[in-house]
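Order-wise, the sequence lines are chains R and W.
Per the working numbering, the very first residue in the first sequence carries number 7; after that it's consecutive.
Per the working numbering, the very first residue in the second sequence carries number 7; after that it's consecutive.
Positions of the beta carbon are idealized from the N, C-alpha and C atoms, including for glycine.
Right, one structure below, let's go through it.
Number of protein chains: 2
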Amino acid sequence: MSNERPIGFIDSGVGGLTVVKEAMRQLPNEEILYLGDTARCPYGPRPAEQVIEFTWQMTRFLLKKNIKMLVIACNTATAVALEEIKKNVDIPVIGVIQPGSRAALKASKTGRVGIIGTLGTIKSDSYRHELHEKAPDTYVSSLACPKFVPIVESNQYNSSVAKKVVSQTLLPLKKEKLDTLILGCTHYPLLRPVIQNAIGQQVTLIDSGAETVSDVSALLDYFNLNNYEQTGKTKTFYTTGSPKMFKDIAGEWLNITDLNVEHIDLGGE
Amino acid sequence: MSNERPIGFIDSGVGGLTVVKEAMRQLPNEEILYLGDTARCPYGPRPAEQVIEFTWQMTRFLLKKNIKMLVIACNTATAVALEEIKKNVDIPVIGVIQPGSRAALKASKTGRVGIIGTLGTIKSDSYRHELHEKAPDTYVSSLACPKFVPIVESNQYNSSVAKKVVSQTLLPLKKEKLDTLILGCTHYPLLRPVIQNAIGQQVTLIDSGAETVSDVSALLDYFNLNNYEQTGKTKTFYTTGSPKMFKDIAGEWLNITDLNVEHIDLGGE
Numbered sequence: 007m008s009n010e011r012p013i014g015f016i017d018s019g020v021g022g023l024t025v026v027k028e029a030m031r032q033l034p035n036e037e038i039l040y041l042g043d044t045a046r047c048p049y050g051p052r053p054a055e056q057v058i059e060f061t062w063q064m065t066r067f068l069l070k071k072n073i074k075m076l077v078i079a080c081n082t083a084t085a086v087a088l089e090e091i092k093k094n095v096d097i098p099v100i101g102v103i104q105p106g107s108r109a110a111l112k113a114s115k116t117g118r119v120g121i122i123g124t125l126g127t128i129k130s131d132s133y134r135h136e137l138h139e140k141a142p143d144t145y146v147s148s149l150a151c152p153k154f155v156p157i158v159e160s161n162q163y164n165s166s167v168a169k170k171v172v173s174q175t176l177l178p179l180k181k182e183k184l185d186t187l188i189l190g191c192t193h194y195p196l197l198r199p200v201i202q203n204a205i206g207q208q209v210t211l212i213d214s215g216a217e218t219v220s221d222v223s224a225l226l227d228y229f230n231l232n233n234y235e236q237t238g239k240t241k242t243f244y245t246t247g248s249p250k251m252f253k254d255i256a257g258e259w260l261n262i263t264d265l266n267v268e269h270i271d272l273g274g275e
Numbered sequence: 007m008s009n010e011r012p013i014g015f016i017d018s019g020v021g022g023l024t025v026v027k028e029a030m031r032q033l034p035n036e037e038i039l040y041l042g043d044t045a046r047c048p049y050g051p052r053p054a055e056q057v058i059e060f061t062w063q064m065t066r067f068l069l070k071k072n073i074k075m076l077v078i079a080c081n082t083a084t085a086v087a088l089e090e091i092k093k094n095v096d097i098p099v100i101g102v103i104q105p106g107s108r109a110a111l112k113a114s115k116t117g118r119v120g121i122i123g124t125l126g127t128i129k130s131d132s133y134r135h136e137l138h139e140k141a142p143d144t145y146v147s148s149l150a151c152p153k154f155v156p157i158v159e160s161n162q163y164n165s166s167v168a169k170k171v172v173s174q175t176l177l178p179l180k181k182e183k184l185d186t187l188i189l190g191c192t193h194y195p196l197l198r199p200v201i202q203n204a205i206g207q208q209v210t211l212i213d214s215g216a217e218t219v220s221d222v223s224a225l226l227d228y229f230n231l232n233n234y235e236q237t238g239k240t241k242t243f244y245t246t247g248s249p250k251m252f253k254d255i256a257g258e259w260l261n262i263t264d265l266n267v268e269h270i271d272l273g274g275e
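This is the structure:
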């Protein structure tokens, strides 16, 4: 039985597109609705209560579009809002922190794992919590990188500014002898080459977003929600910010020329 | 919150141990209860109704032991009984065919996929169905290998007989120019080197059982069922057949010397 309803993805801005990219590769039949709250990005420095409120607004918007599953493709929102939303909606809801932690434990040989993320994600300590619940002996070092998201959102992730900021920011982690580094923000894979270069080639980078898609796939199977038709390939993107900027980044990152981007309002601040 | 209840694994015999091996690696904290219906193995040639009945008997036995999740670590039983059991018990139930199919589609570059399994699994056409629902263009070639399970169950999987039987059986598949071959029976990974040698090094072998453990892991996260204590490491093995033979194979395969194997009766034929 085929289920042709769309899967919803939400993020504070364009970061969740790194998850969508992987979803398009692994789940080509699925219709995708994406909502980036660009107007209020970044979420990282905001108080938890506010992030929860914004995440609910995004969730309600997509629920009205009849999504069959919700992917919180944002680490900051996952850290503070996943459990509450999961408990209160009647479709499967999945975040990015558990799949990312699991992948890191699988990848690490020395048990020395680093996490980079927004202020909100690092303050929540969710990754450390997950890692230590499953493997208490893991050495965990985490670092907030508040400058990274604005670089990505302003479409400067290939610039020399990006290189400079990233290598300076990551300096404290270089001494930690990590063998695995979790990209604990879905924006960061857009900076991946710059991050890899700054932290060193010997460190395995974990893209939590990409890992999440394996779980999405497992849950689609488990709940019999797959779309088996070749027709559901539409991808629709909503942004609370400028469709132009969104289109530039999304178009390049997803390699789609005629991207369907709509501006929406979520009630504002 | 930690859930220390065991995970149950069922199989017609020792085949599901290949799944348990992977579970012990990926989920070291989890307590495992395993039930192999050795006395009535193989399931492959039996009518579907009988396999369903036997699978229910195994399921009921483990439900009484308070398992928190059931893994049908047997392709033959998954093919005919998964949906019915999943619908009728109140813990998550997971089979091996969907994870195996998904992994094969991910691995295949040419879209030419082979499946080997028991008579029951191949006759059910479950793998072909799964593959074609997700990727209708896949070229699928399947072959029943009724001689493989008895070779494994009689602990001859390293013998020269095994080599001869496997290479003769797989001859028809060699012409198919496959790039991926699904080991569609959890017994077959014990024959993996022999199968790889017979089919050719260029073919990627998919161990559906091992793939299943990633899904188990995703579902433990999703349903908040993880055991976070280091105490739940007991593995208990039940067999309807001879504990001695079971212990020999399981001990060698899992590399455990003091294996806890109990003989039980399931009502018999």
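Asked                                                                                                                                                                                             : Found
Please report the distance separating the alpha-carbon of P48 of chain W from that of P156 of chain W.                                                                                            : 7 angstroms
Answer yes or no: does any C-beta atom of chain R fall closer than 9 angstroms to that of E275 of chain W?                                                                                        : Its pLDDT being 44, under 50, E275 of chain W is placed unreliably in this model, and the coordinates cannot settle the point.
Which value, in whole angstroms, describes the spacing of the CA atoms of Y40 of chain W and G206 of chain R?                                                                                     : 44 angstroms
Tell me the residue span of the beta strand (DSSP E) that contains Y228 of chain R.                                                                                                               : Y228 of chain R -> not in any beta strand (DSSP E); alpha helix (DSSP H) instead, spanning 214-228.
Name the chain W residues that come within less than 8 angstroms of Y234 of chain R, Cβ to Cβ?                                                                                                    : E139, K140
For a contact meaning CB atoms closer than 8 angstroms, what does A110 of chain W contact in chain R?                                                                                             : Those do not exist, as A110 of chain W stays about 13 angstroms from chain R at its closest Cβ, beyond 8 angstroms.
What are the residues in the region 213-225 of chain R lying within 8 angstroms of chain W by C-beta distance?                                                                                    : S220, D221, S223, A224, L225
Going by the CB atoms, is the gap between G106 of chain R and P188 of chain R shorter than 9 angstroms?                                                                                           : Per the sequence shown, the amino acid found at residue 188 of chain R is Ile instead of Pro. Yes, Cβ-Cβ distance for I188 of chain R and G106 of chain R is below 9 angstroms.
Closest by CA to T84 of chain W, which one among W:T124, W:E159, W:S248, W:G273?                                                                                                                  : W:T124
Just to confirm before moving on: does the CB-CB distance between V267 of chain R and V25 of chain R stay below 9 angstroms?                                                                      : no
For P195 of chain R, would you say it is in contact with chain W, using Cβ-to-Cβ distances shorter than 9 angstroms as the test?                                                                  : no
Does the separation of the CB atoms of D185 of chain R and V119 of chain R fall below 9 angstroms?                                                                                                : yes
Please report the Cβ distance between G14 of chain R and C191 of chain R, rounded to the nearest whole angstrom; I am assuming they are in contact, meaning their Cβ atoms lie under 8 angstroms. : Contact doesn't hold; Cβ gap of about 20 angstroms is too wide.
If contact means a Cβ-Cβ distance below 8 angstroms, which residues of the region 103-127 of chain R contact chain W?                                                                             : Q104, P105, R108, K112
Going by beta carbon distance, what residues of the same chain come within less than 8 angstroms of K115 of chain W, once the five residues before and after it are set aside?                    : D185
On the premise that K253 of chain W lies in contact with L265 of chain W, defined as a C-beta separation below 8 angstroms, what is that separation, rounded to the nearest angstrom?             : 5 angstroms
With DSSP as the reference, please indicate the residues paired to R118 of chain R in a beta bridge.                                                                                              : R:Y145
Just mark D43 of chain W as buried or exposed, buried being the case when its beta carbon has 16 or more other beta carbons within 10 Å.                                                          : buried
Identify the continuous beta strand (DSSP E) that holds L77 of chain W and give its terminal residues.                                                                                            : Note on residue identity: the sequence assigns Val, not Leu, to residue 77 of chain W. Here the beta strand (DSSP E) through V77 of chain W covers 75-78.
Looking at the secondary structure, which residues open and close the beta strand (DSSP E) in which H269 of chain W lies?                                                                         : 267-269
Mind checking I78 of chain W: buried by the 16 CB within 10 Å criterion, or exposed?                                                                                                              : buried
Along the chain, where does the alpha helix (DSSP H) that runs through G42 of chain W open and close?                                                                                             : No alpha helix (DSSP H) holds G42 of chain W; the beta strand (DSSP E) holding it covers 38-42.
Can you give me the start and stop residues for the alpha helix (DSSP H) that T175 of chain R sits inside?                                                                                        : 166-180
For chain R, check one thing: does any of its Cβ atoms lie closer than 9 angstroms to the Cβ of N81 of chain W?                                                                                   : no
Here's a check: name, in chain order, each residue in its chain whose Cβ is nearer than 6 angstroms to the Cβ of V209 of chain W, leaving out the five neighbours to either side.                 : L184, L187
Starting from I58 of chain R and walking both ways along the beta strand (DSSP E), at which residues does that stretch end?                                                                       : No beta strand (DSSP E) holds I58 of chain R; the alpha helix (DSSP H) holding it covers 54-69.
So is Q236 of chain W buried or exposed if we call it buried at 16+ other beta carbons inside 10 Å?                                                                                               : exposed
CA-CA distance, S147 of chain R and E182 of chain R?                                                                                                                                              : 8 angstroms
Tell me the DSSP secondary structure of K153 of chain R in three-state form.                                                                                                                      : coil
Mind listing the chain R neighbours of Y145 of chain W? Cutoff is C-beta to C-beta under 8 angstroms, in chain order.                                                                             : Result: empty, since nearest Cβ-Cβ is about 17 angstroms, beyond 8 angstroms.
Can you grab the Cα-Cα spacing for the pair F227 of chain R / V99 of chain R, in whole Å?                                                                                                         : Looking at the sequence provided, one finds Asp at residue 227 of chain R rather than Phe. Roughly 14 angstroms between the two C-alpha positions.
Looking only at DSSP bridge pairs, what is L211 of chain W linked to?                                                                                                                             : W:L187
Spell out whether any CB of chain R is found under 9 angstroms from the CB atom of P12 of chain W.                                                                                                : no
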